[in-house]
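Okay, so here's the structure we're looking at.
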Amino acid sequence: MNQKRSLPARLAAALVFLVAMYVSAGAATIDLEIAETRVELRPGLSTDAWTYGGSVPGRPIVVRPGERVTVNVLNRLAGATNVHWHGLQVPIDQDGPGISIGPGERFTYSFVPKRTGTYWHHPHVRPVLDQLDRGLYGAFIVEAAEDARYSGDSVFILDDWHLDASGRRLPGTGRGMMERMGNVETVNGKTGDAVAPLVVAAGELHKLRFINASTAAEHRLRATGHRFRITHTDGEPLAEPYFADEIRLNPGERVDAELAAGGQPGAAYEIASDRPGLGIRIPIRYRTDRVPAVASPFVPPAQRAYPDIFAARPDRTLTLDSRMGSAAGGGMRRGMGHGMHGGSSAAGEASGMAWTINGAAFPETEPIGVQVGKVVKLRLRNQDTGMMHPMDHPIHLHGTHFLIVSRNGFRPDRETWKDTVTVPAGEFVDIAFVMENPGDWMLHCHIIDHEDGGMMTMVEAR
Ligand code: C2O
Ligand code: CU
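Under this note's numbering, the first residue of the sequence shown carries the number 587, and numbering increases by one thereafter.
See the structure below:
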């Protein structure tokens, strides 16, 4: 995780790394204090955020695979919270939703990440919107050996805020309809001219990790004068990396890409979103020197799709939809809901909408029973095509990655593993996975208004 460093700095860092490895013998301890903090999005625009460790985003947690990670959480907020390790395979009692850390309380998470990749962490107390949207998120990087061979390795977490001119948090949505979308967009907690540049030298090869922490907004990124080479989706390496002009990220999704610095020494370029005026603009600034071209250290994994899965019948179909009228009754009232069993939600109440799976809103949705170790094929069908408000739904599954088996019955262009997949309105996506750990794993839309509003169920692995 470095921007360009000088040779002595790199040697010093390598030495520190070696000493740390020797001393700690593969253990990382992180103290994570959760508190309200005023943060500056740009000079002249500050807002009262909720933070991991005093900043938005929280400092990236960077560990190595196989290393035991201990996170000591202290909750200084006025209400309960918890931390979910999005995309990481952890035991069910460390996953987040079942845990409630009250005001002033401490909780220690402990787990061993096995797979390398780009993950992230955020709260999972319902209503999740009230917490994630205030800035509680951070990257979680499990480093691969080859990552160090890039000229630089940078994380870019994208988010949006709905604020008035003085930085006060506004209710509702800044654009769009029922989903909360902001009028200020940020990269690593900064907007517009305050976004830190990516500094490169001609010839270098940079690893870029993009994470969408927005609660509802999709972000589409393009780079002037450069193409991306996509190597990972949601932390999973691609058997066939590919070049792309655009990266699209729905809430919860991550993309790792290589950027070859093929521009002119001294020149300036930028990576910008499709709404650059809202503030997601990452300058690419070239130093004046040039280095010998750096080759990609990325070694694609072998293909590992489940045999015969394409022709197999789905074990279950989940139909995604919405309807007027708040989430089905039986849940707790707003403010009481925490952990897995909060029923109605801020979003549902505010918009008068319920977001449903097979006609029911969580907690009334039917759980999906699966066997540990057995391949499961699910069809996710998005029927949410109402003329007023057709919505794509990025569906996230806890506890494992899944294979994209088909889209609308067609084989995808390449083998892709993800933990969050966008199901466009009117379309269907088939996914397949194996649950390796027993537990009740959540499956939900990562548009948090929809998740809080009922589009959630459990995959119960036994
Ligand atoms: Cu990123 Cu269940 O969440
Ligand atoms: Cu949704």
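Where a beta carbon is used, it is the ideal one built from N, C-alpha and C, also for glycine.
For Glu1001, no beta strand (DSSP E) run applies, since DSSP gives it neither H nor E. Note that the C-beta distance between Thr633 and Gly821 is not below 8 angstroms.
Distances from the CB of His982 to the heavy atoms of ligand 2 are all 7 angstroms or more. Shortest Cα-Cα distance from Asp875 to any of Ile954, Val785, Ser908, Val958 involves Val785. DSSP, reduced to helix, strand and coil, places Arg662 outside both helices and strands of the structure shown, so it counts as coil.
The beta carbons of Glu844 and Leu791 sit closer together than 8 angstroms. Annotation: the continuous beta strand (DSSP E) that includes Leu744 extends over 738-747. Of all C-beta pairs linking the stretch 829-849 to the stretch 1017-1027, fewer than three are shorter than 8 angstroms, placing the two stretches out of contact. Ligand 2 has no heavy atom closer than 7 angstroms to the beta-carbon of Ile990.
Ligand 1 approaches His670 closely enough that one of its heavy atoms is under 7 angstroms from the residue's Cβ. In the DSSP annotation of this structure, the continuous segment of the alpha helix (DSSP H) that includes Leu718 starts and ends at 715-718. Taken atom to atom, the span from the alpha-carbon of Arg967 to that of Val1007 is near 12 angstroms. Within the stretch 823-850, no alpha helix (DSSP H) run of at least 4 residues lies entirely inside it. Taking Asp970 as the centre and dropping the five residues before and after it, the same chain places the C-beta of Leu906, Asp907, Ser908, Pro976, Met977, His979, Ala1011 closer than 7 angstroms to its C-beta, in chain order. Of the candidates Ala613, Leu663, Leu674, Glu1037, the residue whose Cα lies closest to the Cα of Met1021 is Leu674. Taking 7 angstroms as the cut-off, the C-beta of His748 does not count as close to any heavy atom of ligand 2.
Leu989 is not a Cβ neighbour of Leu1029, given a cutoff of 8 angstroms. The beta carbon of Leu660 lies closer than 6 angstroms to those of Glu619, Arg692 in the same chain, with the five residues before and after it left out. Near ligand 2, meaning a beta-carbon closer than 5 angstroms to one of its heavy atoms, we find His979, Cys1031, Ile1033, His1036.
Between Leu627 and Thr772, the C-beta spacing is below 8 angstroms. Separation of Gly911 and Gly938 (C-alpha to C-alpha, rounded to the nearest whole angstrom) is 5 angstroms. By the criterion of a C-beta distance shorter than 6 angstroms, Gly644 is surrounded in its chain by Tyr638, Gly724, once the five residues flanking it on both sides are discounted.
Here Arg1048 is exposed: its Cβ has fewer than 16 other Cβ atoms, across all protein chains shown, within 10 Å. Annotation: Ile981 to Ser737 spans about 34 angstroms, alpha carbon to alpha carbon. In the displayed model, Pro862 falls within a helix according to three-state DSSP. Counted as a single uninterrupted DSSP element, the stretch harbouring Ile678 is not any alpha helix (DSSP H), since DSSP gives it neither H nor E. Burial is judged here by how many other beta carbons sit within 10 angstroms of a residue's own beta carbon; Tyr705 has at least 16 and is buried. Under the DSSP assignment, Glu1037 falls in the alpha helix (DSSP H) whose first and last residues are 1034-1038. Residue environment analysis places Asn798 among the buried positions, since at least 16 neighbouring C-beta atoms fall within 10 angstroms of its C-beta. Classified as exposed, Lys960 has fewer than 16 neighbouring CB atoms from the shown chains inside 10 Å of its CB.
Here Pro886 is exposed, its C-beta having fewer than 16 other C-beta atoms within 10 Å. A Cβ-Cβ contact shorter than 8 angstroms links Ser641 with Val625.
Per DSSP, Leu618 is one residue of the beta strand (DSSP E) stretching across 613-628. Within the same chain, Phe697 come within 6 angstroms of Val676 by CB-CB distance, once the 5 residues on both sides are set aside. Assignment of Glu691 by DSSP, reduced to helix, strand and coil, places it in the coil class.
Around Ala787, the same chain offers Lys590, Ser737, Ala847, Pro851, Tyr872, Arg873, Asp875, Arg876, Val877 as residues with beta carbons nearer than 8 angstroms, after the five sequence neighbours per side are excluded.
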